[in-house]
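These notes concern the structure reproduced below.
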Amino acid sequence: MASFPSSIGTLVLLVLFIGSTNGQLSTNFYSSSCPKLFDTVKSSVQSAISKETRMGASLLRLFFHDCFVNGCDGSVLLDDSSSFTGEKNAVPNKNSARGFEVIDNIKSAVENVCPGVVSCADILAITARDSVVILGGPNWNVKLGRRDAKTASQAAANNNIPPPTSNLNQLISRFNALGLSTKDLVALAGSHTIGQARCTNFRARIYNETNIDSSFSQTRRSNCPRTSGSGDNNLAPLDLQTPTAFDNNYFKNLIQNRGLLHSDQQLFNGGSTDSIVRTYSNMPNSFTSDFVNAIIKMGDIKPLTGSQGEVRKNCRRVN
Ligand code: HEM
Ligand SMILES: *[C@@H]1O[C@H](CO)[C@@H](O)[C@H](O)[C@H]1NC(C)=O
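Sequence positions in the sequence shown follow mature numbering (1 follows the signal peptide of the UniProt record, and there is no 0) and run -23 to -1, 1 to 296.
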């Protein structure tokens, strides 16, 4: 009789054990193989951001664009090659994704202290965290142990990364498809508290939409001509108040109809996410704790682990 419950207990423990190791990541993955990893990455991120504050935003976005395309596997970093068309020229990335040279520098600094050990996918995850912290946002322990993909998919990048023309239902379903909830969507969209967007991505909103503050649209029109083709790459801050500080002003802007992208304002447009936006605008700590929870979840999307994939030597190409 006694052995029956105990064997169930063993089974439960075994299942828990497998559940926590199989395909899972851990915060101490490199603690003995690369003890200088965190210091090395942080000082490189710090120097990149000191040269150009916007780089913190660009690096955070790279992690998002990596994880949304077949998981966080460093695929966004691969240049086009003879065997595949990479993700860098996919619609959401072309003339837009940036920071690849910074990742190269970080990777070489890491290779100098522990050659062949740390994946490019993990470097992206640490770099995103460091960027947020340096710009005044929350800290978290980064889960590690991802390996790098040997291929990339331009088609998957086009299909999975939501365009700024998305409506709320489309945003929710792109995130849900990857296991991210509606709350995760709103919290992660709070990343638009930093960084810049190009005129081509907000022109239709500032000239044609009605759920926009009129003085805000006037200001944005002054540097984004109505006619497509002219000034397409002119930049405007995603958060007009504090574009280089990771804070909750993005949500305060939305409540005033000052979201820059159509997709931003969708989060506060009379729908189911309005209440979340209000909460984050009133309670910065609620935003930061949900953001941390959501970005850790995003970092868990379909990692390659164990003997899957490889640890790339150069983030731009497979070994
Ligand atoms: C919710 C759906 C999202 C849409 C539709 C979206 C779309 C965009 C667009 C169109 C831009 C401007 C690109 C350009 O004009 O070149 C942008 C910038 C940015 N996005 Fe998102 N994004 C979304 C979610 C996210 C998430 C989840 C993150 C991070 C976790 C993120 C981080 C950023 C950052 C930091 C920038 C500024 C980058 C820079 O200045 O270089 N975005 N996003
Ligand atoms: C505004 O909407 C009209 C009618 O749909 C369209 O023809 C025009 O190109 C739009 N303007 C911008 C700047 O998107």
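Ideal Cβ positions, reconstructed from N, Cα and C, are used throughout, including at glycine. In this text, all values refer to a predicted model and were calculated from it rather than measured experimentally.
Local Cβ density within 10 Å of residue 120, reported as buried at 16 or more and exposed below that: buried
Residue 158 versus residue 146: straight-line alpha-carbon distance, rounded: 12 angstroms
Segment limits, beta strand (DSSP E) that includes residue 175: 173 to 175
Opposing strand residues paired with residue 214 [DSSP bridges]: 173
Residue 118 classed as buried or exposed, judged by whether at least 16 other C-beta atoms fall within 10 angstroms: exposed
C-alpha gap between residue 251 and residue 39, whole angstroms: 27 angstroms
One or two residues paired with residue 291 in a DSSP bridge: 294
Residue 184 beta carbon near ligand 2 (any heavy atom closer than 6 angstroms): yes
Pair within 7 angstroms by beta-carbon distance, residue 258 and residue 290: no
Closer than 6 angstroms: residue 180 CB and nearest ligand 2 heavy atom: yes
Separation of residue 43 from residue 154, as counted between CA atoms: 15 angstroms
For residue 184 and residue 109, the rounded distance between their alpha carbons: 32 angstroms
Collapsed DSSP secondary structure at residue 125 in the structure displayed: strand
CA-to-CA distance, residue 178 to residue 102, given in whole angstroms: 26 angstroms
Among 54, 71, 244, nearest to residue 169 - alpha-carbon criterion: 244
First through last residue of the alpha helix (DSSP H) which encompasses residue 267: 261 to 276
Proximity of residue 268 and residue 172 at Cβ, strictly below 7 angstroms: no
Own chain residues within Cβ distance below 8 angstroms of residue 128, not counting five before or after: 52, 55, 60, 61, 295
Buried/exposed call for residue 79, threshold 16 Cβ in 10 Å: buried
Span separating the alpha-carbon of residue 142 from that of residue 186: 12 angstroms
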